[in-house]
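Numbering-wise, the numbering used here puts 15 at position 12 of the sequence shown, and it's gapless, one number per residue. By construction, the Cβ of each residue, glycine as well, lies at the ideal position given by its N, Cα and C atoms.
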Amino acid sequence: MSDMNYNPHKEINLEDRRRRLVFRAWHRGIKELDLIFGNFVEANKDGFSHEDCEWFETLFEEQDHEILGWVTKGINVPEKFQGPMMDRLQKLDFMTLKAK
4 MSDMNYNPHK
14 EINLEDRRRR
24 LVFRAWHRGI
34 KELDLIFGNF
44 VEANKDGFSH
54 EDCEWFETLF
64 EEQDHEILGW
74 VTKGINVPEK
84 FQGPMMDRLQ
94 KLDFMTLKAK
């Protein structure tokens, strides 16, 4: 019998999850998203809970061009991604960037 609610990421400790998230944030496929997410995740990862990591892991499964539209407010954000974290991303107006 399979568990439909099984989440393999839940078995990873929080520090390893954050480290994996940083890698995925810097390797999006669109340079603009690499810069936005790489810098944002790296700067804020120490405060991320398991739930925050899960939110990003789910977001990163979506198409890059859609994510970019949501973050830049070019297209409506789906309900499952609306909330405080998306609000923070949409309000970014300045951050010190570092390229990888």
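Residue i classed as buried or exposed, judged by whether at least 16 other C-beta atoms fall within 10 angstroms
| i | result |
| --- | --- |
| residue 79 | exposed |
| residue 17 | exposed |
| residue 95 | exposed |
| residue 42 | buried |
| residue 87 | exposed |
| residue 55 | buried |
| residue 91 | exposed |
Minimum C-alpha distance to residue i - residue among the options
| i | options | result |
| --- | --- | --- |
| residue 51 | 23, 32, 66 | 23 |
| residue 19 | 62, 74, 53 | 53 |
| residue 65 | 49, 46, 33 | 33 |
| residue 83 | 62, 71, 35 | 62 |
Is it the case that the region 20-38 contacts the region 76-92, given that we only count it when at least three CB pairs across the two stretches are under 8 Å? no
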